[in-house]
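All remarks here apply to the structure that follows.
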Ligand code: AMP
Ligand code: MN
Ligand code: MN
Ligand code: MN
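Numbering (our numbering), first residue to last: 1 to 301.
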């Protein structure tokens, strides 16, 4: 039995009003704080149940869990898997899985594998519009060499004075049709859901309002996700307006999905939504953390 398994506690009391933040990033992916520093910040913000959900990567899980437990904060393992579906990139958050699961680890490694070459092609595209040295520039912000992301390019373009903030970078350079955008084949939806669920976790559709789907394609996403074993959807996220929170609350009820809540915090200077600061889930919804009580790592004593 691993230390991780030993710290599971099925008696942990969780409810609708638990301040859960189940979506955040550290410097192990595209956040700027170390896992220990996000843990401290989450705790200081009143978070009672936290998950670090680095993109396509679980290398920070042990540090995050140990830091959370040392602070007396409950912890769920987490990741955010990049998926290609119907011509869009969709993010699937996994929660409460066994981080030692070999198939999950192999799937995440395969999903990460094309990032470096993609980044070189992004830099080529930027060079063609007069922005030189973007690959080396972005790398200065990368702590995990396997995980060079658009966010690291955005930080370089802000630092070099090309743009005022990262939002402007994405709008002008890093989204579809713009010079630094490179289409990429990520994981398949069914594979991502299976890696998570077969490792004992729950798969959740991240920030559904962010995708540019037709109603038909969005319906296909939800029905195929559920058919593959997906069980949750983010309702409260830093990416949703109040209207979108209400809309995806309705969607959760319509598809009988568990509801999640997470800030998607990346960095003190960049993120508009603070850890632990979103509204509580509406009472009609079932929080995903109620279904994951048996997977929570809890500080004992
Ligand atoms: P990647 O996985 O390399 O495609 O990078 C995706 C990350 O870029 C997301 O997780 C966000 O952190 C960030 N991102 C994507 N779109 C935007 C946007 N429009 N504005 C700011 N950040 C964004
Ligand atoms: Mn990100
Ligand atoms: Mn995302
Ligand atoms: Mn995220």
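Positions of the beta carbon are idealized from the N, C-alpha and C atoms, including for glycine. Please read all numbers here as calculations on a predicted model, not as lab measurements.
As for any alpha helix (DSSP H) of minimum length 4 sitting wholly inside the region 174 to 238, the runs are 189 to 198 and 215 to 227, ordered along the chain. Between residue 30 and residue 149 a beta carbon distance of about 4 Å is seen, short of the 8 Å cut, so the two are scored as contacting. Rounded to whole angstroms, the gap between the alpha carbons of residue 14 and residue 220 is 32 Å. Boundaries of the beta strand (DSSP E) around residue 81: 78 to 85. Between the alpha carbons of residue 260 and residue 291 lies a distance of about 11 Å. Secondary structure note for residue 125: its alpha helix (DSSP H) is the uninterrupted segment 115 to 128. Distances from the CA of residue 251 to each of 273, 235, 131 and 37 were compared; the closest alpha carbon is that of 235. Closest by C-alpha distance to residue 47, out of 63, 17, 54 and 53, is 17.
Each residue's CA atom was taken as its position, placing residue 181 and residue 122 some 6 Å apart. Sequence-distant Cβ neighbours of residue 277 in its own chain, meaning closer than 8 Å and more than five residues away, are 45 and 263. Per DSSP, reduced to three states, the secondary structure at residue 38 is helical. Straight across, the Cα-Cα distance linking residue 142 with residue 74 is about 28 Å. Rounded to whole angstroms, the gap between the alpha carbons of residue 216 and residue 53 is 29 Å. Beyond the five residues adjoining it in sequence on each side, residue 165 comes within less than 7 Å, by CB distance, of 158 in the same chain, given in chain order. Counting along the chain, the unbroken beta strand (DSSP E) around residue 93 starts and ends at 88 to 95. The residue from 49, 61 and 12 with its alpha-carbon nearest to that of residue 27 is 61. Looking at the DSSP output, residue 265 bridges to 24. At the C-beta level, residue 246 and residue 69 stay beyond 7 Å of one another. Sorting 188, 200 and 153 by C-alpha distance to the C-alpha of residue 140 places 153 at the top.
The C-beta distance from residue 86 to residue 222 rounds to 12 Å, too long to fall under 8 Å, and the pair is not in contact.
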